[in-house]
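Engineer:
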Amino acid sequence: MSQGSVLGPLLFLVYVNDLPDWIKTNIKMFADDTKLWSVIGKVEDSSCLQEDLLKLKEWSDKWLLRFHPEKCKVMHIGHNHSTQYHIEQDNQTYDLDSVDEEKDLGVITTHDLKFSK
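For the sequence shown, the numbering used here assigns the number 98 to the initial residue and increments by one for each residue that follows.
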């Protein structure tokens, strides 16, 4: 018995293919995972990243594809600016949690880029 479809993943990629067009900062996408990143050297840089998070809401509303705010996180690498980011979903604003490490595709990335884990 087959699980899912062969076309499902391809159709999903076609569906989300325009997401990078909405974003000014850097974006990486893999399957159903999306990461925004930017070098934050001044206040305007963090404002630009926050604007992109708001653009994600517009994109989400257009395509009726929801993000899971509880899965959205922020990692500051190489600095400790106390910038707070938020994402909007379903007429609510969610502050994004800041983390010191994140596991991605089996690789643990830490905020100080040390390989102790």
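For each residue, glycine too, the CB sits at the ideal point set by N, CA and C.
Using CA atoms only, rank isn't needed, just tell me which of Q189, N188 and H176 is closest to V196.
Structural biologist: The shortest C-alpha separation from V196 is found at H176.
Engineer: Under 7 Å Cβ to Cβ from M98, same chain only, skipping five residues before and after it: list those, please.
Structural biologist: Note on M98: pLDDT 46, under 50, position unreliable in the model; no value is reported.
Engineer: From F127 to K139, what does the alpha carbon distance come to, in whole angstroms?
Structural biologist: The straight-line gap from Cα to Cα measures roughly 29 Å.
Engineer: Give the secondary structure of V70 by DSSP, where H, G and I count as helix, E and B as strand, and everything else as coil.
Structural biologist: The displayed coordinates of the chain run from 98 to 214. Any statement about residue 70 would go beyond what the structure contains.
Engineer: Which value, in whole angstroms, describes the spacing of the CA atoms of D201 and K132?
Structural biologist: Using only the alpha carbons, I get a separation of about 11 Å.
Engineer: According to the neighbour-count rule (16 or more other Cβ atoms, all chains shown, within 10 Å of its Cβ), is L153 buried or exposed?
Structural biologist: Buried.
Engineer: Could you have a look at M98 and say whether DSSP puts it in helix, strand or coil?
Structural biologist: Caution applies to M98, whose pLDDT of 46 falls short of 50 and renders its modelled position unreliable; the value that the coordinates give is listed next. Residue state, collapsed to three classes: coil.
Engineer: Here's a check: name, in chain order, each residue in its chain whose Cβ is nearer than 7 Å to the Cβ of L193, leaving out the five neighbours to either side.
Structural biologist: The answer, listed in chain order, is C169, K170, V171, Y182, H183 and I184.
Engineer: Measure the C-alpha to C-alpha separation of S157 and V103 and round it to an integer number of angstroms.
Structural biologist: The straight-line gap from Cα to Cα measures roughly 25 Å.
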